[in-house]
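Here is the structure we will look at.
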Amino acid sequence: MDARPPSGLGRFGEYGGRFVPESLVPACDEVEREFRAAWEDPSFRSRLERVLSVYAGRPTPVTPAWRLSAELGITLLLKREDLLHTGSHKINSVLGQALLGQRMGKRRLIAETGAGQHGVATATAAAWLGFAATVFMGERDIERQELNVFRMRMLGAEVVPVSTGSRTLKDATSEALRHWVSSVNDSYYCIGSVMGPHPYPWMVREFQRVIGDEARTQCAAYLRTGTPDFVVACIGGGSNAAGTFAGFLDTPAQLVGVEAAGGAAVNAGTTGVLHGFRTKVLQDSHGQISYAHSIAARLDYPGIGPEHAYLSDLGRARYVTVDDHEVVKALRKLGVSEGILCALESAHAVAWVLRAVEQGEIPPGATVLLTLSGRGDKDMPTLMESTR
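This is the structure:
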């Protein structure tokens, strides 16, 4: 299979779609109509490609993890999205969406953020293109990600604390959607992952597939077989994984998404509706959304992008879990072995590779591509706290 557009109103199998208030239907229709037109417009694609190159820093390299590979007995390649401007893969989609918002004549960007990386990317794009920016963020995440909150404000964005519910990404997303309803005429909702009502899951995947397309070409230069045996990425909403997997769906590579054990929507969720789309979601028997937990702020989201739920049902990708202890251990292991301090989110993928090699799921001599979706500067206060 390959990465195709969803069917109908954004359906990936039984997942996806559009479950929004009637007042938001015209806005979603407008975004879909304008995205389809822009995506078929060579001048838009050319401008985006140029912006990603001269402003964001693409292409990102694939770095062989020499010492860790030798220790584990495998070939481990790291796709370095942490080296992009603003420090994560979020800038890929944000620049695409900001250019789309500019094309639509909007004057303001609205966003939600968990770990702050999407918020920083949105604030950056807004400053660069002359938008006003409003970023919704749960109070608990503001406490955990103080550095990124400061960065957003230094870039001129308004950061709105969200004090409802678990005070994390789930509640920030709800508040951003509510705010969009009241400001849709002049505001573009710059969503942070492959979630939300159609066309967002599809559109964000298309903006992020540059990760997988680049990595496929780069792997061919390193690997005798051309493609790796395993392609691994962490999963919250799932944008970096969706972009990475899109480049390898039609290859024999095994695709592995790594969830936080306390936010395992694929492994522990059931089908439900969250934030305007149908997906696998953590919920109780009455359909109430359950709290999710992860040491990584972005990975405590109780749902998953609809395409991931579909790929899981098809068996084309599998989704596994790791706990906080394994994550911190993996982050330190990568740091002392390769001199790379990755984000806690990305360390989930590293943790699974370490465990899978130890347990024989990844056999000796195998080749593994792992996407490092972000750098770990923002997580140092959390790590300092965890080691006290």
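So the sequence shown is numbered by this note's numbering: it starts at 112 and just counts up by one. Yeah, the Cβ is synthetic: ideal placement off N, Cα and C, and Gly gets one too. Being a predicted model, the structure only gives us computed values, none of them experimental.
- Taking a C-beta distance under 7 angstroms as the contact criterion, residue 383 and residue 392 qualify as a contact pair.
- Within a 10 Å sphere around the beta-carbon of residue 470 sit fewer than 16 other beta-carbons, which makes this residue exposed.
- The count of Cβ pairs closer than 8 angstroms, one atom from the stretch 187 to 196 and one from the stretch 218 to 226, stays below three, leaving the stretches out of contact.
- Short of 8 angstroms from the beta carbon of residue 166, and not among the five residues preceding or following it, lie these beta carbons of its own chain, in chain order: 196, 206 and 239.
- Straight-line measurement puts the Cα of residue 176 at about 25 angstroms from the Cα of residue 493.
- By a beta-carbon distance limit of 8 angstroms, residue 458 contacts residue 442. Their separation comes to about 4 angstroms.
- Annotated three-state conformation of residue 461 is helix, per DSSP.
- Between residue 416 and residue 485, the C-beta spacing is not below 7 angstroms.
- Excluding its 5 nearest sequence neighbours in each direction, residue 307 has C-beta neighbours in its own chain below 7 angstroms: 386, 387 and 388, listed in chain order.
- Between the alpha carbons of residue 342 and residue 479 lies a distance of about 6 angstroms.
- Residue 223 places its beta carbon less than 7 angstroms from that of residue 284.
- Residue burial is scored here from C-beta neighbours: residue 261 has fewer than 16 other C-beta atoms within 10 angstroms and is therefore classed as exposed.
- A Cβ-Cβ contact shorter than 7 angstroms links residue 406 with residue 438.
- When DSSP states are grouped into helix, strand and coil, residue 451 belongs to the coil group.
- Here the stretch 372 to 380 makes no contact with the stretch 237 to 252; the two share fewer than three CB pairs at distances below 8 angstroms.
- Counting C-beta pairs with one atom in each stretch, the stretch 171 to 187 and the stretch 278 to 296 have fewer than three that are closer than 8 angstroms, which means they do not touch.
- With contacts defined by Cβ atoms closer than 7 angstroms, residue 334 and residue 374 do not form a contacting pair.
- Contact check for residue 352 against residue 337 fails: the beta carbons are separated by 7 angstroms or more.
- In terms of Cβ geometry, residue 268 and residue 234 form a close pair [threshold 7 angstroms].
- For residue 384, no alpha helix (DSSP H) run applies; the uninterrupted beta strand (DSSP E) run containing it begins and ends at 381 to 385, by DSSP.
- In terms of Cα proximity to residue 450, the closest of 414, 430 and 179 is 179.
- Taking C-beta atoms as the reference points, residue 232 and residue 201 count as a pair closer than 7 angstroms.
- Distances from the alpha-carbon of residue 298 to those of 185, 456 and 139 put 139 closest.
- Under the rule that a run must span 3 or more residues, the beta strand (DSSP E) segments found entirely inside the stretch 260 to 340 read 269 to 273 and 298 to 300.
- Here DSSP, grouped into helix, strand and coil, assigns residue 217 to coil.
- Runs of the beta strand (DSSP E) spanning 3 or more residues and lying entirely within the stretch 369 to 453 occur at 381 to 385, 388 to 392 and 428 to 433, in chain order.
- If you keep only unbroken alpha helix (DSSP H) runs of at least 4 residues inside the stretch 174 to 208, you get 177 to 183.
- Annotated three-state conformation of residue 122 is strand, per DSSP.
- For residue 240, the uninterrupted alpha helix (DSSP H) segment begins and ends at 228 to 240.
- Shown here, residue 247 sits in a strand according to DSSP, grouped into three states.
- The Cβ atoms of residue 323 and residue 355 sit closer than 7 angstroms to each other.
- Residue 345 and residue 482 have their alpha carbons spaced roughly 8 angstroms apart.
- Secondary structure note for residue 159: its alpha helix (DSSP H) is the uninterrupted segment 153 to 162.
- Looking from the CA of residue 257, the closest CA among 245, 228 and 244 belongs to 228.
- Take residue 312, set aside five residues on each side of it, and the residues of its chain with a beta-carbon closer than 7 angstroms to its own are 121, 127, 305, 306, 388, 416, 417 and 418, in chain order.
- As a beta-bridge residue in DSSP terms, residue 485 pairs with 199.
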